[in-house]
Amino acid sequence: MFEPENDIERLLMRASAEPAERPGFARALMDAQIFVVLVPDRPVVPGPDGQITIPQGAKLALPNAMRGEERLIPFFTSPSRARIWFSGDHIVAPDRTRDLFERYPDAPFLLNPGSDYGKEFTPAEVKRLLAGEFDAGPRIVVTEKSEQVLLGHPREIPIDLIAALARELGVLKTVRGAWLMLAMLPGNAEQSWMLGIDHTGAWQDVQDAIGRALTGDILEGKILDAVPLEGSSLASTLRTGIPVTAA
1 MFEPENDIER LLMRASAEPA ERPGFARALM DAQIFVVLVP DRPVVPGPDG QITIPQGAKL
61 ALPNAMRGEE RLIPFFTSPS RARIWFSGDH IVAPDRTRDL FERYPDAPFL LNPGSDYGKE
121 FTPAEVKRLL AGEFDAGPRI VVTEKSEQVL LGHPREIPID LIAALARELG VLKTVRGAWL
181 MLAMLPGNAE QSWMLGIDHT GAWQDVQDAI GRALTGDILE GKILDAVPLE GSSLASTLRT
241 GIPVTAA
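Residue numbers (UniProt numbering): 1 to 247.
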């Protein structure tokens, strides 16, 4: 049973149950004290007072949390969570989330592996948090020049994402069809989603519907871009994507 030991753990529990609390948790986590496991390259022996002294010349390394074949950097909301997870010789050191993310901005992270309450952070999500983007809701971005976008079909169908988008977009009579594809955007090393939409009404209604669909962690750290198809050079390709809703 997970009994919260500090304020950030109480925020984590609320954010897990209430999506509206998640931006506040992300904002608080960035400047919160967290803890990392450091593994020495040689045995360490506690002294009579129980304190561990690092041998001179010893090197300390962060262990990996594994998810299949993917390696993630673990970090923890309290020393006890770290000690439960790692049983070998180690040192639990305090750190700050922002500092940890800045040292490894291209790495995936896992908060509290082995615990009932935790969260995975993809490299794209880490970059957004470092940029001060804590709200996962939709935003309008206008590009000043044309950009090359690579589109493709996903190997695995995002069933939950499609169902959520279909539920919200399907009730808009102005939406005539919507299709989903994977996208690679300039300057972004990770794939994102691109949603092409045929509509006849106000784009704000479409944005509001997408915002209602994107609750919780349904995007799993990915970005979703929504594009009106009328007049778009991507229209013919996007209409070959996964049908989300169609008139």
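Virtual Cβ for every residue (Gly too), placed ideally from N, Cα, C.
Segment contact: the region 213 to 221 against the region 178 to 187, fewer than three CB-CB distances shorter than 8 Å; contact not assigned. Nearest in C-alpha terms to residue 228, of all of 28, 207, 13, is 207.
Annotation for residue 99: no beta strand (DSSP E) segment contains it, though the alpha helix (DSSP H) segment containing it runs 97 to 103. Restricting attention to alpha helix (DSSP H) runs no shorter than 4 residues, the region 115 to 203 encloses them at 123 to 130, 159 to 169, ordered along the chain.
Counting along the chain, the unbroken beta strand (DSSP E) around residue 35 starts and ends at 33 to 40. Your pair residue 162 and residue 242 checks out as a contact, with CB atoms roughly 6 Å apart and the cut at 8 Å. Under the three-state reduction of DSSP, residue 29 is assigned to helix. For residue 5, no beta strand (DSSP E) segment is defined, and its DSSP state is neither H nor E. The C-alpha of residue 151 lies about 9 Å from the C-alpha of residue 193. For residue 83, the closest alpha carbon among the candidates 61, 115, 105, 99 is that of 115.
Within the same chain, Cβ atoms closer than 8 Å to the Cβ of residue 35 are found at 75, 76, 77, 78, 79, 81, 82, 92, 93, 94, 95, the five residues on either side in sequence being excluded.
In this structure, DSSP gives residue 237 a helical state, which the three-state scheme calls helix.
Contact check for residue 73 and residue 107: beta-carbon distance about 5 Å, within the 8 Å limit, so the pair qualifies.
Each of 232, 123, 203, 169 was checked against the Cα of residue 213, and the nearest Cα belongs to 169. In the three-state scheme derived from DSSP, where H, G and I count as helix and E and B as strand, residue 210 is classed as helix. Contact annotation: residue 118 and residue 111 have beta-carbon atoms nearer than 8 Å. Sequence-distant partners of residue 33 (beyond 5 residues in either direction) whose C-beta falls short of 7 Å from its own C-beta, in its chain, are 94, 96. Residue 226 is bridged by DSSP to 195.
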